[in-house]
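Taken in sequence, the protein lines are chains S and Z.
All residue numbers for the first sequence refer to the working numbering, where the first residue is 665 and numbers rise by one.
All residue numbers for the second sequence refer to the working numbering, where the first residue is 4 and numbers rise by one.
For reference, the structure discussed in these notes is given below.
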Amino acid sequence: MTTASRRPVYLNLLKIKLPIAGIMSIIHRATGVFMFFALPYLIHLLDLSLSGPEGFAEAHAAVHGLVGMVFVFLIMWSLMHHLLAGIRYLLIDVHYGVEKAMAQQTALAVVVAGPILGLLLTGGLL
Amino acid sequence: MSRTASGLKAWAIQRLTAIYIGLFVIYLVGAFTLSPPADFADWKAWMGSPLVSVAMLLFVVSTLMHAWIGVRDVLIDYIRPIAIRATVLGIVALSLIAMGLWAAQALILVRLV
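If you want it as structure tokens, here you go:
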């Protein structure tokens, strides 16, 4: 059986043109991994804010600084993309939105809504 | 347990935890946006109330399980050599347990003081 090993393999990531659902799927993974790496800082903020009035003020100041605001935006974008993409996957599990046209539309909607909701929530939260 | 059943179990846990995390995140973000805690006393009263506290602890456990299954799937896709894969998976597992205990400690301590 040499057939399998002779198949052409073409994995130039810069030249592969992914469909929108593929792009959405990669962002779902990337946001998940990003939020995993953000967990220690998020727990640190929770711990700090619950440690007392000084800690609360410190945590409040941290998320209201420039770097903190960018961080909150990235977390909110990730969270919203991951949540919306997750809802889309659950709907596909129950056979809703499986057809190509619908699947492409919902994937595009998730990719576009993520940063918009992220920005709105960052504004609403801070 | 067979490999198929174990994969199916992970699939089911990923969805069950996703539903809880999703609903709770919507509640958290909503509550924070509509009535943000004014000061420490306010924040402590909210996070220290029995219902929110237990819901937060359940959120922590759900997030850790969800993150474990998700990160595990990504690592198994990208790390082929078994020794490196096992080492990284071990580090991730211990890190997640440590983070869970850290968060739980903060949430429980605030109810005691």
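We treat Cβ as the ideally placed atom computed from N, Cα and C, and that holds for glycine.
Show which residues of chain S have a CB atom less than 7 Å away from the CB atom of W46 (chain Z).
-> S713 and F720
Say whether chain S places a C-beta atom closer than 7 Å to the C-beta of M102 (chain Z).
-> yes
Since L754 (chain S) meets chain Z, which of its residues come closer than 8 Å, beta carbon to beta carbon?
-> R18, A21 and I22
Is R671 (chain S) helix, strand or coil when you go by DSSP?
-> coil
Over the uninterrupted alpha helix (DSSP H) stretch that includes D42 (chain Z), give me the two end residues.
-> Run containing D42 (chain Z): none; DSSP gives neither H nor E here.
Run down chain S in chain order and give the residues with a C-beta less than 9 Å from the C-beta of M68 (chain Z).
-> None at all; the shortest Cβ gap to chain S is about 13 Å.
H746 (chain S) and G696 (chain S): beta carbons closer than 7 Å?
-> yes
Segments assigned alpha helix (DSSP H), at least 4 residues, entirely inside the segment 712 to 753 of chain S = 717 to 728
For Y674 (chain S) and F700 (chain S), the rounded distance between their alpha carbons = 31 Å
Who are the Cβ neighbours of S96 (chain Z) in its own chain at under 8 Å, not counting the five residues just before and after it?
-> The sequence shown places Ala at residue 96 (chain Z), not Ser. Around A96 (chain Z): W71.
Let me know the secondary structure DSSP gives G761 (chain S) once reduced to three states.
-> coil
Cβ pair count under 8 Å reaching 3, the segment 712 to 730 of chain S against the segment 42 to 55 of chain Z = yes
Do you know how far the Cα of G719 (chain S) is from the Cα of A15 (chain Z)?
-> 39 Å
Classify K681 (chain S) as helix, strand or coil using the three-state DSSP reduction.
-> coil
Of all the CB atoms in chain Z, is at least one closer than 7 Å to the CB of G778 (chain S)?
-> no
Can you give me the Cβ contacts of I687 (chain S) inside the same chain, cut-off strictly under 8 Å, excluding the 5 residues immediately before and after it?
-> A771 and V775
Between the C-alpha atoms of A13 (chain Z) and Q769 (chain S), what's the straight-line distance to the nearest angstrom?
-> 29 Å
Candidates S:V762, S:I691, S:T786 and S:P704: which alpha carbon is nearest L104 (chain Z)'s?
-> S:P704
With 16 other Cβ atoms within 10 Å as the buried cut-off, status of I79 (chain Z) | exposed
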